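Protein chains in written order, with my numbering: chain A, 2 to 290; chain B, 2 to 371.
Even glycine gets a Cβ: it sits at the ideal position worked out from N, Cα and C.
Remember, predicted model here, so these are calculated numbers, not experimental data.
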């Protein structure tokens, strides 16, 4: 007891010191904060974005995004009433991670659709931008890798997930993205991009946020598991061999018809021309004639 | 052009006149040039070997086809060559080699070795001689006279009538192509009154008055509060997924299921309520959630190609475009009628329900409807 009492007693001597009150308050605050951080639900909107991250994100935003989306992400309208950049309050971190992570944003120029290109920002900068945009209003967060991974499922469950994902894909996605995810044309210069070979995170985020003209498939529309199954199906058709032979991009009769007309009929015409033109004749006469 | 430049002819005389001094004498056909294979036995031997080896290649291809058929596995885990299905690729390649080898070999054979005659075939008139034509016409005339068709119109007309009705017989037999649709085209499975007794018995156990709208494929109920703005849901009536509690078998199945699904499929789309234009669309929606038939009114393709920014629904078959904010009005394309809207509501537990069936037939126009 005496051994234990001694350090406490030494501490106790300072209890009326000039900084003691301040120290106790600080200790209490840190304890409360630490306990809250440890026990609060992790999924509730992005608490781990530090103020510094949001601030840096805002600075990046002012340089790279504010021209079209406004200084505070409120959106900008052109003089004739068209939307230059949409307002960003409520689009959430997932939308930023998708748009900037796939290089669609920052846009090079306004147009019917922003194409995918090499990302301009690093993942850290994208996280900062996402933290800033998420701070504008509640929206979908960047998904957890566990949400779209099949890890922890048995082989049979995986096969089930792929089959169900295929049915959901054929019902909800093929209208625009083609029967094997090769993409397709949309009205007024838009297009549905190819979604085979896209990172699962970006497919999940696209379903969650509905980029550009695409519809939302929020968690109230397709549950997290259903989205995971769609991703599993897309990955399974990516790994599958092209059983029927060369697929020619899988975009249907256009490429196949082009192949038949240009390569097939073209080579027949070429061979026929060669046969007709190639008439070797000898100047010699037959000995007996 | 004056007649001075025309060749001299003798009028009234059909005889062909050959001028005594022809300025351009007929050079005749050029001397026949033989092929190298005709004059050089070595070349002929070489061509023979070429043709034979092409036919040999064709033989190898045919044997390869049989071998590929036996060797390569098909099914769930097929053999592959460079990520392509081995069986299909090899069968195709071998068949191509066989047909190509035979074809090229035959042409080579004909060009190099078969006999090399030059044949001139003079033109001649295609019609029969004058006497033959006159004889044929006179035979027809005699037949017409002797049968008395011109004099006895009763016989002629009754024969024509019998022949005409005979022609109708195959048309009548088209009726066997299937049962008449009767009233089924005018309602869908959204209408509880048209259900079969089994479906009605299942509905008794549910203790509800209005049919819930469920997600396609998975069959789960849809809470109005869970849908976000911009959401598009492909949906069905809940009876599609009804399961008999005792037998655990689906109540609607088989052909019936497919037919009902092809008529009752709908899409739900949530937009800002302020985006809605027409009063019908506003009155029949719930907080900006609108529900339309998924079947195009042109030729009945399923449509769910929607743009959330414009709320335009596009049919991928022929590009008919419908405005979801304005009672499904046709904006573009061959569709003649607006997309039928389904009147929806929310029940006590917050799930989306159909208030009633579509008020008009869904899908393409048909004979009785015009």
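Closest to residue i by C-alpha separation, out of the options, would be which residue?
| i | options | result |
| --- | --- | --- |
| residue 376 of chain B | B:202, B:252, B:265, B:173 | Any question about residue 376 of chain B goes unanswered here, given that chain B covers just 2 to 371. |
| residue 245 of chain A | B:38, B:76, B:141 | B:76 |
| residue 242 of chain A | B:78, B:45, B:84, B:34 | B:84 |
| residue 370 of chain B | B:185, B:133, B:193 | B:185 |
| residue 81 of chain B | A:251, A:247, A:132 | A:247 |
| residue 180 of chain A | A:234, A:140, A:137 | A:234 |
| residue 56 of chain A | A:75, A:84, A:129, A:74 | A:129 |
| residue 123 of chain A | A:58, A:186, A:264 | A:58 |
| residue 329 of chain B | B:318, B:145, B:313 | B:313 |
| residue 71 of chain B | B:87, B:58, B:60, B:59 | B:87 |
| residue 29 of chain B | B:362, B:121, B:174 | B:121 |
In angstroms with no decimal places, state the Cα-to-Cα distance between residue i and residue j.
| i | j | result |
| --- | --- | --- |
| residue 260 of chain A | residue 206 of chain B | 58 Å |
| residue 20 of chain A | residue 26 of chain A | 10 Å |
| residue 274 of chain A | residue 309 of chain B | 54 Å |
| residue 226 of chain A | residue 218 of chain B | 14 Å |
| residue 131 of chain B | residue 272 of chain A | 46 Å |
| residue 42 of chain A | residue 92 of chain A | Model confidence at residue 42 of chain A stands at a pLDDT of 44, short of 50, so the residue's coordinates are unreliable and nothing is read from them. |
| residue 177 of chain B | residue 154 of chain B | 37 Å |
| residue 274 of chain B | residue 288 of chain B | 6 Å |
| residue 110 of chain A | residue 160 of chain A | 43 Å |
| residue 155 of chain A | residue 333 of chain B | 49 Å |
| residue 84 of chain A | residue 276 of chain B | 15 Å |
| residue 64 of chain A | residue 103 of chain A | 19 Å |
Quick one: grab the DSSP three-state call for residue i.
| i | result |
| --- | --- |
| residue 292 of chain B | strand |
| residue 222 of chain B | strand |
| residue 142 of chain B | helix |
| residue 268 of chain B | strand |
| residue 43 of chain A | At residue 43 of chain A the pLDDT is 43, less than 50, meaning the model places this residue with poor confidence and gives no usable figure here. |
| residue 352 of chain B | strand |
| residue 37 of chain B | helix |
| residue 74 of chain B | coil |
| residue 124 of chain B | coil |
| residue 267 of chain A | helix |
| residue 135 of chain B | helix |
| residue 50 of chain B | helix |
| residue 209 of chain A | helix |
| residue 285 of chain A | coil |
| residue 134 of chain A | helix |
| residue 243 of chain A | strand |
| residue 56 of chain B | helix |
| residue 333 of chain B | strand |
Would you say residue i lies against chain A (beta-carbon separation less than 8 Å)?
| i | result |
| --- | --- |
| residue 355 of chain B | no |
| residue 35 of chain B | yes |
| residue 233 of chain B | yes |
| residue 313 of chain B | yes |
| residue 288 of chain B | no |
| residue 304 of chain B | yes |
| residue 374 of chain B | Residue 374 of chain B lies beyond the residue range present for chain B, which begins at 2 and ends at 371; the question has no answer from this structure. |
| residue 72 of chain B | no |
| residue 298 of chain B | no |
| residue 52 of chain B | no |
Check whether the Cβ of residue i lies closer than 8 Å to any Cβ atom in chain B.
| i | result |
| --- | --- |
| residue 56 of chain A | no |
| residue 217 of chain A | yes |
| residue 192 of chain A | no |
| residue 176 of chain A | yes |
| residue 252 of chain A | no |
| residue 152 of chain A | no |
| residue 183 of chain A | no |
| residue 285 of chain A | yes |
| residue 188 of chain A | yes |
| residue 261 of chain A | no |
| residue 196 of chain A | no |
| residue 139 of chain A | no |
| residue 79 of chain A | no |
| residue 234 of chain A | no |
| residue 44 of chain A | Bear in mind that a pLDDT of 41 at residue 44 of chain A, under 50, signals an unreliable position, so the number given afterwards is only what the model happens to contain. Residue 44 of chain A does not count as touching chain B. |
Say yes only if the C-beta of residue i is nearer than 7 Å to one or more non-hydrogen atoms of the ligand ADP, and no if none qualify.
| i | result |
| --- | --- |
| residue 257 of chain A | Of ligands this structure carries none, so the ligand ADP is not represented either. |
Next item on the list: Give a yes or no on contact between the segment 136–151 of chain A and the segment 197–216 of chain A, applying the rule of three or more CB pairs nearer than 8 Å.
Entry: yes
>> Under 8 Å: do the segment 290–309 of chain B and the segment 241–253 of chain B share three or more Cβ pairs, one atom per stretch?
In response: no
- Message: Contact between the segment 342–358 of chain B and the segment 186–195 of chain B is defined here as three or more beta-carbon pairs at a separation below 8 Å; is this criterion met?
- Response: yes
key: Touch test, the segment 256–274 of chain B against the segment 292–302 of chain B, Cβ-Cβ under 8 Å, three pairs minimum   = yes
Do the segment 168–178 of chain A and the segment 113–123 of chain A make contact, defined as three or more Cβ pairs closer than 8 Å?
no
Checklist entry - Hey, is the segment 32–42 of chain B in contact with the segment 276–285 of chain A, meaning 3+ C-beta pairs nearer than 8 Å? => result yes
>> For the segment 106–122 of chain B against the segment 46–60 of chain B, do three or more pairs of beta-carbon atoms, one drawn from each stretch, fall closer than 8 Å, so that the two count as touching?
In response: yes
So does the segment 51–65 of chain B actually touch the segment 96–105 of chain B, counting three or more Cβ pairs closer than 8 Å?
yes
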